[in-house]
Amino acid sequence: MELSLHRLRMLRELRRRGTVTAAAAALHYTASAVSQQLAQLERDVGAKLIERLGRRVQLTELGMLLTDHAEEILRTVERATTALEEAQDGVTARLTAGVWASVASGLLPYALTALAAEHPGIEVRTKELAPEDTAGAVRDGALDFSFVIEYSDYPMPWDPALTKVVIAVERMHAAVPEGSVPTGSVKMIELGEYPWILAGPRSHFGRAVRLACQRHGFEPKIDHEVGEQATALAMVGAGLGVTLVSDLGLTLLPAGVDIVALTEPVMRTVSIAHRTSSGTRPSLQLVIDAVRAAAAEKGLGAGAPLP
Numbered sequence: 513m514e515l516s517l518h519r520l521r522m523l524r525e526l527r528r529r530g531t532v533t534a535a536a537a538a539l540h541y542t543a544s545a546v547s548q549q550l551a552q553l554e555r556d557v558g559a560k561l562i563e564r565l566g567r568r569v570q571l572t573e574l575g576m577l578l579t580d581h582a583e584e585i586l587r588t589v590e591r592a593t594t595a596l597e598e599a600q601d602g603v604t605a606r607l608t609a610g611v612w613a614s615v616a617s618g619l620l621p622y623a624l625t626a627l628a629a630e631h632p633g634i635e636v637r638t639k640e641l642a643p644e645d646t647a648g649a650v651r652d653g654a655l656d657f658s659f660v661i662e663y664s665d666y667p668m669p670w671d672p673a674l675t676k677v678v679i680a681v682e683r684m685h686a687a688v689p690e691g692s693v694p695t696g697s698v699k700m701i702e703l704g705e706y707p708w709i710l711a712g713p714r715s716h717f718g719r720a721v722r723l724a725c726q727r728h729g730f731e732p733k734i735d736h737e738v739g740e741q742a743t744a745l746a747m748v749g750a751g752l753g754v755t756l757v758s759d760l761g762l763t764l765l766p767a768g769v770d771i772v773a774l775t776e777p778v779m780r781t782v783s784i785a786h787r788t789s790s791g792t793r794p795s796l797q798l799v800i801d802a803v804r805a806a807a808a809e810k811g812l813g814a815g816a817p818l819p
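Structure (C-alpha cells):
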C-alpha cells in the first residue's frame, strides 16, 4: 500500500470541514478534484473510507482510523523536513507563502532578492489570497507560512496551533483625490464628509476601517465597495471618493491621489504566521530574517506595539 501525503491532507481536511465542498475551498481545489483524489485514496487503501448520505459525506470507521494516523504521519513528515534541513551545511528548501497585494508588491520582492543572494538553495513560491484566508491555509497545510495583518481597531482572533512573528508596523493614511484636502493632515471625523471607496464588511480591512470610522464618530458613506486596494486607489484618483491606505500600499499609488496623514493614528501590524510545529525549521527562520530586514530598510518598526 502506498499512501499519498497529498491525499491524506485531503482526507484530514474532509474530517475537519464535514463536506467535500468546504474541504476543497480550504485547500484551494475544486470539489471534483478533491472527490477524485479521495476516490483514488480508497483504491490505494483497498477499502471504503467515505460514505455518502445524500449531499453530505461521512467517514467510515476505517476512514476515521486512517485520518487519526494521517495526523501523526503529516506531523512526522514536518519533523523530518526540519531535521534534514538542520543536518545540511547549506539549506535547500522550497516554501510556499500566502501573500496579498501590498505585501507582495511593497515588501516581498526586496526580501526574496536578498534571500536569493545569501541562500540560493531556498526557493519561495507565493499564492495570493485574501488576508483573512491566509492563516487558515497555513494551519491546514496548504501553505508553509503566510503574511497576516492585525489592525489597531480590529484585533484578529488567533489559532493556538499557529505562531505569529511580527514583521512590521504600518501607519494608515488617508488617500484622497488630488487637491481635495488643502492641509497635510486630516482628522478621521473630517473624512466623514466624503464618499468612501472601501472593501466589504466581511473583509478584515473593510471591517477594521468601518470600526475606526465609528470610533471617531461617524458611519462612512460607501459609494463604491471594491475588494482590491489598487482598484480603490484608482477610483480615488478619478475623484470618486476617499479610502485608507497603509505604508506598503503606497507602492500601488496611481496619479491623481494625495496621501494625507491622519491626526489620530490608525495602525496595523504585518506578521508571518507559521505552524508552531515548524518553528525550528532553518529555511523558515532565514525567510523571516530576510523579510524583517527588508521591512527595517523601508523604515517600518518591526515589533513596535500597536497604540
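Position one of the sequence shown corresponds to residue 513 (the working numbering), numbered consecutively onward. Backbone N, C-alpha and C define an ideal beta-carbon position, used for all residues, glycine too.
_Buried versus exposed call for Met-522 [16 or more other C-beta atoms within 10 Å across all chains shown]_ = Buried, since its Cβ has 16 or more Cβ neighbours within 10 Å.
*Using the rule of at least 16 other Cβ atoms within 10 Å of the residue's Cβ for burial, across every protein chain shown, is His-685 buried or exposed?*
buried
*Runs of beta strand (DSSP E) lying entirely within the region 525 to 579, each at least 3 residues, in chain order*: Look at the region 525 to 579 and you find these whole runs of beta strand (DSSP E), each 3 residues long or longer: 562 to 565, 568 to 571.
*Assess, as a yes-or-no matter, whether the region 781 to 791 is touched by the region 640 to 653 under the definition of 3 or more beta carbon pairs within less than 8 Å.*
Taking 8 Å as the limit for Cβ pairs, the verdict is that the region 781 to 791 does touch the region 640 to 653.
*Measure the Cβ-Cβ separation of Gly-739 and Ala-711 and say whether it is below 8 Å.*
In this structure, Ala-711 lies closer than 8 Å to Gly-739 by Cβ.
_Alpha-carbon spacing of Arg-714 relative to Ala-613, whole angstroms_ = 18 Å
*In its own chain, which residues sit with a C-beta less than 7 Å from the C-beta of Glu-690, not counting the 5 before and 5 after it?*
Gly-768, Val-769, Asp-770
*Over the uninterrupted alpha helix (DSSP H) stretch that includes Phe-821, give me the two end residues.*
Here the chain comprises residues numbered 513 to 819, so residue 821 is not present and cannot be evaluated.
*Compare the C-alpha of Leu-703 against each of Gln-548, Asp-645, Pro-632, Thr-775 and name the closest.*
Thr-775
*Under a three-way DSSP split, which group does Glu-731 fall into?*
coil
*Could you say if the region 622 to 631 and the region 586 to 600 meet the contact criterion of at least three C-beta pairs nearer than 8 Å?*
no
*Given Val-557 as reference, the closest of Ser-544, Ala-534, Arg-519, Arg-528 once Cα atoms are compared*: Checking every option, the nearest Cα to that of Val-557 belongs to Arg-519.
*Grab me the residues of Arg-727's own chain with a C-beta within less than 7 Å of its C-beta, minus the 5 sequence neighbours each way, in chain order.*
Asp-665
*Leu-756 lies in the beta strand (DSSP E); which residues open and close that run?*
755 to 758
*With burial defined as no fewer than 16 other Cβ atoms inside 10 Å of the residue's Cβ, what is the status of Trp-670: buried or exposed?*
exposed
*Compute the Euclidean distance between the alpha carbons of Pro-817 and Met-779, then round it to the nearest angstrom.*
Low per-residue confidence applies at Pro-817: pLDDT is 42, beneath 50, and the placement is therefore not dependable, though the value from the model is reported in the following sentence. Each residue's alpha carbon lies about 10 Å from the other.
_Euclidean distance between Cα positions of Arg-529 and Ile-800_ = 30 Å
*Check Ala-642 in the structure and name its three-state DSSP category.*
coil
*asked:* One question on the structure: do Phe-659 and Val-611 come within less than 8 Å of each other, judged by their Cβ atoms?
replied: Against a cut-off of 8 Å, the Cβ pair of Val-611 and Phe-659 comes out as a contact.
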